[in-house]
Structure formats: structure tokens, C-alpha cells
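Presented below is the structure to which this report refers.
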DNA sequence: GTCTATAGCGGGATAGAC
DNA sequence: GTCTATCCCGCTATAGAC
């Protein structure tokens, strides 16, 4: 493969990524993608064999990146509260880059939960890592900085507070008559709000 | 229309509802629905003209019911904390009946935000009603029972904590190796957890 | 590596017999 | 009101020329 080849291949992949993850056009056809990339539709098949393969590729790549960034923060040695702040920053950063990634994940997993299970199933050694994070959560409860609950509930709370506004974005936009700028402003504010809501010490 | 007619019509609608909302088969074809109902596929067109019409009918009905139940609690005269408890109960009751309703809403709104806007846009007089609820939230902050934030953030927090676990269900099931019973148990526990997380007085 | 042409299928929808 | 037969379209995918 020469330089020119891989350039076209990359162009198609990037375009697909943009349509799927940034613009939320999850049902974009091969023709849509080819048009947006300005190439002949057959090239999509030439490089990726089928729409499914391209689709999975984009999805898995984005998901792997998000997971790795989150995991690396989750397993860092930072103090608990700082770790939570870092997780919020990473999550929001990724979700602002790919506003539809979260919706995309939810959709895919609901459509065919078996297909991507290896992406979520605890990795070798991962279970141990999750336990370490859960132990940290428990330690915070013992210190009294967060309310008493099973660590898994704290975990669910955390991700619910971060992720839901992104998947429910169009609903909130209608409900409260928000434009793009207003929504983004809310999202920025939420970084503090989430901290405020997770910790018992209600000061920021 | 005789009795027999409307019986078939109802059967098709109920089956579609079951596939779409209970089993999460949101991409079920007209053939799938007809097969599941045990009727000829043409009857679906006979009664509902097109798949789209049937689809919208099911979606709008379910959504209207959920919205009405939530609104009636939200605007009741119950004390704030009791009102929140009632909202949690109503929401969970509906979501356990139709586990995919929330995912369905999110998906539809992301797919085509304009199509269903009248279902979310503030109704005539609705804006006023929302303002009343927001005033109640503000009053609670003044009393010091919930942390200080814009009411809209409290609102988002509340619905995030309730709704996200339902849309992310397949993810959590993989991630923590949960079976159906284990997930349902977690959801039941969350009623208390959500209360615990919303209010400053961290006792239940 | 890129194009044109075409095959093939799955799905929605309708006509018309019963 | 219910069925069979058929049409039509959009989309994926591939063969084969350049």
C-alpha cells in the first residue's frame, strides 16, 4: 500500500467517524459516507469489505480510547477527590469531542448486547482493578466524605450524572428551549454540580 | 367496525408495543410484528396504513402516559420530599413495565429531534407549571435540605439518577456480570440511594 | 487504486381476489 | 376483514473494465 492508498482509507474512516460520532448520523448509508468523503462508494467496500466492518471499526476504536483514558485515571494514584475531578474532565473532554458517542454506545448495546461484550466485560486483571477502585470508594465512606451506599451505587450515580445529559440532550433542548450555546454552558456548569452532588461536604 | 375487527387491530398494536417497549426490538420489521401477532403482514397496513404510523402511535401513547403521570405528581400539593419519593415510584413503575421506553425516547429524539418536539415542548401553561416546581426546588435550597445549585441542575441530576441505569442496563450487565434478577435488585435499592443522593440530610 | 455497471435482497406498500 | 401476488425502492455488495 502506497501513501495515496492509506490516505483514502483514512479519509473514509475519519468521515465515517465524523458522521457517526460527531453528527449523530448513526444510520448513514455507505452512499452518505462516500458522498461526505467525496469518494466513490465502491472504495468503501474495497478498503473495509462491508459497511458493518467499517461501523464496528469506528465504534470499537472510539470506545477503546474512552475506556483507556478513563481506566488510566481510575487507576492512578491521585487522591480520591482529585481522581473524581480528573474523571469528570476526561469524560467531558471525550464527550465534547464526540457528542454522540454515549448515545451510540447505548444504542449499540441495546441493539445487540452480545456483539460487543468483550469491550465491557471485565478484562483479565480488570476485575481486580475495579475492586481496588471500589475499595477507595468504601474508604471515602468510612471517612465520611461521601454518603453510605454500596460502591456500585456510587459508581452508577457518578456515571449517570455525567452521561445522561448527553444522551438526553435533544430532550432537554426542547423542554427548556435551549440553543447550542446554552446547552454547552449548562454542561460546563455541571462539572462543579456533579462534585457538589457526590460529596457530603457541599462546598466547592 | 365490528368487534372482530378492532380485536385484530388491538392485537397488532399490543404486539408492536411489546416488541418495541418491552423487548427493545426497536428495529422490528412489519413482518416481525405480524409474525409475533400471528396475523398476515398486510393487516398491519390495512389498519395502520404504514409502519411509521404504527410506530409513532405506540411511541406517542407510551410517552403521553409517562408524561401525564409524572406531571400529575410534580404538580400535586404533596410536601417536597414526599413529592420526590412519589416521582421516583411513578418513574420506576413505568420503566419496569416498559424497560426500553427510556432508551426508545432517547433514540427517537436523537434520530429526529424535530419529529416529536410537541411531546416535549412546554405545553400551553406548562412553562408556568415548570416554574412552580423550580420555585419549590429553590425553596428547599433556602431551607438547606438540598445543596445550592440552579434548579435546572437539580432537575437534571434527578432524572439522570433515575433514567441512566435503564438506558445503560446492558452495559452494566456486562461490566458487573449481572443477571436479570441482580439488576432488578439494584434498581430496587436505587430508590433509596437516589433520595440519599439528592438530599443533604444523608439519612433515610 | 478507482471507476461503471449490475446483481441481489430485504423491506414497505398496494391491487385485487376471496 | 383477510389473504395472495406483485410491485417498487433503497441499500449493500461484487464483477470487471480502465
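Protein chains in written order, with my numbering: chain A, 54 to 257; chain B, 54 to 257.
For every residue, glycine included, the Cβ atom is placed at its ideal position computed from N, Cα and C.
Query: Considering only their Cβ atoms, is the gap separating residue 205 of chain A from residue 253 of chain A smaller than 8 Å?; Result: no
Query: Excluding five sequence neighbours on each side, which residues of the same chain lie with their C-beta closer than 8 Å to the C-beta of residue 65 of chain A?; Result: 86, 87, 90, 92, 96, 97, 100, 101 and 107
Query: Please state if the CB of residue 71 of chain A and the CB of residue 265 of chain A are separated by a distance shorter than 8 Å.; Result: It is not possible to answer for residue 265 of chain A, since the shown part of chain A is limited to 54 through 257.
Query: Between residue 129 of chain B and chain A, is there a C-beta pair that is closer than 8 Å?; Result: no
Query: Residues of chain A with CB closer than 9 Å to the CB of residue 246 of chain B, please, in chain order.; Result: 200, 202, 203, 206, 207, 209 and 210
Query: Can you tell me where the alpha helix (DSSP H) holding residue 199 of chain A begins and where it ends?; Result: First-last for residue 199 of chain A: undefined, no H or E at that position.
Query: State buried or exposed for residue 152 of chain A, treating a residue as buried only when at least 16 other CB atoms are found within 10 Å of its CB.; Result: buried
Query: Along the chain, where does the alpha helix (DSSP H) that runs through residue 142 of chain B open and close?; Result: 133-150
Query: Can you pull the chain B residues whose beta carbon is under 7 Å from the beta carbon of residue 152 of chain A, in chain order?; Result: Result: empty, since nearest Cβ-Cβ is about 10 Å, beyond 7 Å.
Query: Between the Cα of residue 203 of chain A and the Cα atoms of A/111, A/184, A/220 and A/132, which residue gives the shortest distance?; Result: A/184
Query: For the stretch 182-228 of chain B, list the alpha helix (DSSP H) runs that are entirely contained and at least 4 residues long, ordered along the chain.; Result: 204-220 and 222-228
Query: With 16 as the cutoff for other CB atoms within 10 Å, does residue 148 of chain B come out buried or exposed?; Result: buried
Query: What distance in whole Å lies between the Cβ atoms of residue 215 of chain B and residue 144 of chain B, which are believed to be in contact at a cut-off of 8 Å?; Result: 5 Å
Query: How about residue 172 of chain B and residue 119 of chain B: are their beta carbons less than 8 Å apart?; Result: no
Query: Starting from residue 129 of chain A, trace the alpha helix (DSSP H) both ways and give me its first and last residue.; Result: Premise fails: residue 129 of chain A is in no alpha helix (DSSP H) and is neither H nor E.
Query: For chain A, is any of its Cβ atoms less than 8 Å away from the one on residue 103 of chain B?; Result: no
Query: Given that a residue counts as buried once 16 or more other Cβ atoms are within 10 Å of its Cβ, and exposed if not, what is residue 150 of chain A?; Result: exposed
Query: How is residue 79 of chain A classed by DSSP in three states: helix, strand or coil?; Result: coil
Query: Are at least three pairs of beta-carbons, each pair with one atom in the stretch 187-195 of chain B and one in the stretch 219-230 of chain B, less than 8 Å apart?; Result: no
Query: Between which two residues does the alpha helix (DSSP H) containing residue 99 of chain B stretch?; Result: 94-101
Query: Determine the direct distance from the alpha carbon of residue 68 of chain A to that of residue 55 of chain A, and round the result to whole angstroms.; Result: Unreliable placement is indicated for residue 55 of chain A, whose pLDDT of 45 sits below 50; the coordinate value is still reported in the next sentence. Looking at the two C-alpha atoms, the distance is approximately 20 Å.
Query: Name the residues in the stretch 141-166 of chain B whose C-beta lies less than 8 Å from a C-beta of chain A; which are they?; Result: 153, 156, 158, 159, 160, 162, 163, 164 and 166
Query: My output table needs one value for residue 174 of chain B: the three-state DSSP class, helix, strand or coil.; Result: coil
Query: For the alpha helix (DSSP H) that residue 237 of chain B lies in, which residues bound it at each end?; Result: 233-251
Query: Considering Cα atoms alone, identify which of B/187, B/174, B/225 and B/238 is closest to residue 117 of chain B.; Result: B/174
Query: So with Cβ pairs under 8 Å, would you call residue 77 of chain A a contact of chain B?; Result: yes
Query: State the Cα-Cα distance for the pair residue 132 of chain B and residue 124 of chain B, rounded to the nearest angstrom.; Result: 15 Å
Query: Under 7 Å between beta-carbons, which chain A residues line up against residue 249 of chain B? List them in chain order, please.; Result: 200 and 202
Query: Excluding the five sequence neighbours on either side, which residues of its own chain have a C-beta within less than 7 Å of the C-beta of residue 243 of chain A, listed in chain order?; Result: 218
Query: Kindly say whether residue 170 of chain A, judged by its beta-carbon, lies nearer than 8 Å to any beta-carbon of chain B.; Result: yes
Query: Answer yes or no: does any C-beta atom of chain B fall closer than 8 Å to that of residue 125 of chain A?; Result: no
Query: Using 8 Å as the threshold, is the C-beta distance between residue 121 of chain A and residue 248 of chain A below it?; Result: no
Query: Have a look at B/62, B/226 and B/126 and flag the residue whose alpha-carbon is nearest the alpha-carbon of residue 169 of chain A.; Result: B/226
Query: Would you kindly work out how many angstroms separate the C-alpha atoms of residue 211 of chain A and residue 213 of chain B, rounded to a whole number?; Result: 10 Å
Query: Spatial neighbours of residue 166 of chain A within its chain, please: CB distance less than 6 Å, with the 5 preceding and 5 following residues excluded, ordered by chain position.; Result: none
Query: Which word fits residue 178 of chain A, buried or exposed, when buried means at least 16 other C-beta atoms lie within 10 angstroms of its C-beta?; Result: exposed
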